[in-house]
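*Asks:* Residues in the sequence shown are numbered consecutively from 36, following this note's numbering.
Cβ coordinates follow ideal geometry from the N, Cα and C atoms, glycine included.
The structure displayed is predicted, hence computed values, not measured ones.
Structure below; questions to follow.
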Amino acid sequence: MRHWNRGKKTVRNFLLALLLVFLIYASQSFPPYTVRGMCRQVQHDYLLGELEPLYVQRDWRHPSANRYERYTTVAARCGETYTIFRYADGLLGSHRDWSDLSPVFGEGAVCVARGGKIYAAGPFAEAATAVAVVRAEKPPAPNGNVECREFTLEGERLADQVFVFPYETDYSSFEGEHMGEEDLVLPAVVEMWYRKPAPNADPGLYYFENKDLPCTVTLYSEAGEALETFDLTVTTEGIRSWW
Numbered sequence: 036m037r038h039w040n041r042g043k044k045t046v047r048n049f050l051l052a053l054l055l056v057f058l059i060y061a062s063q064s065f066p067p068y069t070v071r072g073m074c075r076q077v078q079h080d081y082l083l084g085e086l087e088p089l090y091v092q093r094d095w096r097h098p099s100a101n102r103y104e105r106y107t108t109v110a111a112r113c114g115e116t117y118t119i120f121r122y123a124d125g126l127l128g129s130h131r132d133w134s135d136l137s138p139v140f141g142e143g144a145v146c147v148a149r150g151g152k153i154y155a156a157g158p159f160a161e162a163a164t165a166v167a168v169v170r171a172e173k174p175p176a177p178n179g180n181v182e183c184r185e186f187t188l189e190g191e192r193l194a195d196q197v198f199v200f201p202y203e204t205d206y207s208s209f210e211g212e213h214m215g216e217e218d219l220v221l222p223a224v225v226e227m228w229y230r231k232p233a234p235n236a237d238p239g240l241y242y243f244e245n246k247d248l249p250c251t252v253t254l255y256s257e258a259g260e261a262l263e264t265f266d267l268t269v270t271t272e273g274i275r276s277w278w
């Protein structure tokens, strides 16, 4: 009889633990476990039709000295609408990574800059290669002249409809501002040109404007013929990001 009572207590405690896990899961709005679930949540939140995943990338990030976190980046499409978003994986499902990469959307194509790379998704299946050109403009000088820099980036195919364009992130040239600005890499130019003195603060304190920079993506055939050009944008915040 005692053994039976102990067994019933074990079953009861197990069911209570399951109920607690379910309540915690429900309190977090039932976070998804799979890429399909992530797509369903995004399409529900943004009133989209069914999203088709085009590319999935999983990375490990080390936000602190004690733990690693896994992140899932997804490129997907719904008709002519393309999107790129990121989720942080957890024990009870995955959660939208609002802090680092909110969902970005584009009609016809879309691109986003993160951690030394520009990811672009669009109708790229017929292209053999792709080139991205990012244009940065320095605030107008007192004489009204505007200085511009363009950075040409070679694409690498990740999937039929997804390319990635790596850019240099070596800040050694930026550390010596006496060097010519023509030698600076893209993130260093963004650091210099979009850095503003913080208002009502001590000298030496700055903030960075988050601006949209033009980014054209041109597709090429095997023979090197230009097929199509997409006029897109990337943010200065994304270019400056290290992750």
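Exposed or buried, which one is C146 when buried takes at least 16 other CB atoms within 10 Å?
*Replies:* For the purposes of this step, residue 146 is identified with residue 111 of the sequence shown, where counting begins at 1. With 16 or more other Cβ atoms inside 10 Å of its own Cβ, C146 counts as buried.
*Asks:* What is the DSSP secondary structure of P232, counted as helix, strand or coil?
*Replies:* In the sequence shown, residue 232 corresponds to position 197, counting from 1. Looking at P232 - three-state DSSP - the assignment turns out to be strand.
*Asks:* If you run the structure through DSSP and keep just helix, strand and coil, what is A223?
*Replies:* By 1-based counting over the sequence shown, the position of residue 223 is 188. Looking at A223 - three-state DSSP - the assignment turns out to be helix.
*Asks:* Out of E263, E260, E244 and V252, which has the shortest C-alpha to C-alpha gap to T270?
*Replies:* By one-based count along the sequence shown, residue 270 stands at place 235. Nearest of E263, E260, E244 and V252 to T270, Cα basis: E244.
*Asks:* Among residues of its own chain, excluding the 5 on either side of T164, which ones have a beta-carbon nearer than 7 Å to its beta-carbon?
*Replies:* Locating residue 164 in the sequence shown gives position 129, counting from the first residue. Around T164: G190 and Y255.
*Asks:* Where do the ends of the alpha helix (DSSP H) carrying T271 lie?
*Replies:* What you label residue 271 is simply residue 236 of the sequence shown in a count that begins at 1. Element bounds for T271: T271 to R275.
*Asks:* Locate the beta strand (DSSP E) running through V199, then write down its first and last residues.
*Replies:* As a first step, residue 199 is located in the sequence shown; it is residue number 164 there, counting from the start. If you look at V199, you'll find it in the beta strand (DSSP E) that goes V197 to P201.
*Asks:* Return the chain-ordered list of same chain residues with a C-beta closer than 6 Å to the C-beta of C113, the five sequence neighbours on each side being excluded.
*Replies:* For this step, residue 113 is matched to residue 78 along the sequence shown. Excluding positions up to five away in sequence, the list reads L83, G84 and L86.
*Asks:* The alpha helix (DSSP H) that contains D205, what's its start and end?
*Replies:* Translated into the one-based positions of the sequence shown, residue 205 becomes position 170. It is not in any alpha helix (DSSP H) - D205 carries neither H nor E in the DSSP assignment.
*Asks:* DSSP state of G77, grouped into three classes?
*Replies:* The sequence position of residue 77 within the sequence shown is 42, counting from 1. Checking the sequence shown, residue 77 turns out to be Val, not Gly. Correct three-state label for V77: helix.
*Asks:* Once you ignore the five residues that flank T118 on each side, which residues in its own chain have a CB closer than 6 Å to its CB?
*Replies:* Counting from one through the sequence shown, the residue named residue 118 turns up at place 83. Within the same chain, T118 has close Cβ partners A111, P138 and F140.
*Asks:* How is D124 classed by DSSP in three states: helix, strand or coil?
*Replies:* Your numbering for residue 124 matches position 89 in the sequence shown. Judged by DSSP in its simplified three-state form, D124 adopts strand.
*Asks:* With DSSP as the reference, label D132 as helix, strand or coil.
*Replies:* Working through the sequence shown from its first residue, we reach residue 132 at position 97. In this structure, D132 counts as coil in the three-state DSSP scheme.
*Asks:* Going by the beta-carbon positions, is the gap between E226 and R275 smaller than 8 Å?
*Replies:* On the sequence shown, position 191 is the one that residue 226 refers to. On the sequence shown, position 240 is the one that residue 275 refers to. Their beta carbons are under 8 Å apart, which means E226 touches R275 by this criterion.
*Asks:* To the nearest angstrom, report how far apart F65 and Y229 are at their CA atoms.
*Replies:* Position 30 of the sequence shown holds residue 65. Position 194 of the sequence shown holds residue 229. In this prediction, F65 has a pLDDT of 47, which is less than 50 and means its spatial position is unreliable; nothing more can be read from the coordinates.
*Asks:* State the beta-bridge partners of P249 as determined by DSSP.
*Replies:* Along the sequence shown, read from residue 1 onward, the residue named residue 249 stands at position 214. BP columns for P249 point to T268.
*Asks:* Give me, in chain order, the residues of the same chain whose beta-carbon lies closer than 7 Å to that of G151; leave out the 5 immediate sequence neighbours on both sides.
*Replies:* Position 116 of the sequence shown, counted from the start, is the residue given in the question as residue 151. Cβ within range, chain order: P201, Y202 and T204.
*Asks:* State the DSSP-derived secondary structure class of I151, mapped to helix, strand or coil.
*Replies:* Position 116 of the sequence shown holds residue 151. As written in the sequence, residue 151 is Gly, which differs from the Ile given in the question. Looking at G151 - three-state DSSP - the assignment turns out to be coil, as it is neither helix nor strand.
*Asks:* By Cβ distance below 7 Å, which residues in the same chain neighbour L89 in space, the five residues on each side in sequence not counted?
*Replies:* The residue you call residue 89 lines up with position 54 of the sequence shown. Within the same chain, L89 has close Cβ partners A110, A111, R112, A156, A194, Q196 and V197.
*Asks:* Going straight from the alpha carbon of N180 to that of H79, what length do you get?
*Replies:* Within the sequence shown, the letter at position 145 stands for residue 180. Within the sequence shown, the letter at position 44 stands for residue 79. When rounded, the distance between both Cα atoms is 47 Å.
*Asks:* Can you tell me whether G141 is helix, strand or coil according to DSSP?
*Replies:* Numbered from 1 along the sequence shown, position 106 holds the residue referred to as residue 141. Of the three classes helix, strand and coil, the one that applies to G141 here is strand, per DSSP.
*Asks:* Can you check whether the CB of A167 is closer than 8 Å to the CB of V224?
*Replies:* If you number the sequence shown from 1, residue 224 lands on position 189. If you number the sequence shown from 1, residue 167 lands on position 132. In this structure, V224 keeps its C-beta atom at 8 Å or more from the C-beta atom of A167.
*Asks:* Classify F70 as helix, strand or coil using the three-state DSSP reduction.
*Replies:* Taking the first residue of the sequence shown as position 1, residue 70 is located at position 35. Residue identity check: residue 70 is Val in the sequence provided, not Phe. Helix, per DSSP.
*Asks:* Just the C-alpha distance for T251 and P234, rounded to the nearest angstrom, thanks.
*Replies:* In the sequence shown, counting from the first residue as 1, residue 251 sits at position 216. In the sequence shown, counting from the first residue as 1, residue 234 sits at position 199. Here the alpha carbons of P234 and T251 stand approximately 34 Å from one another.
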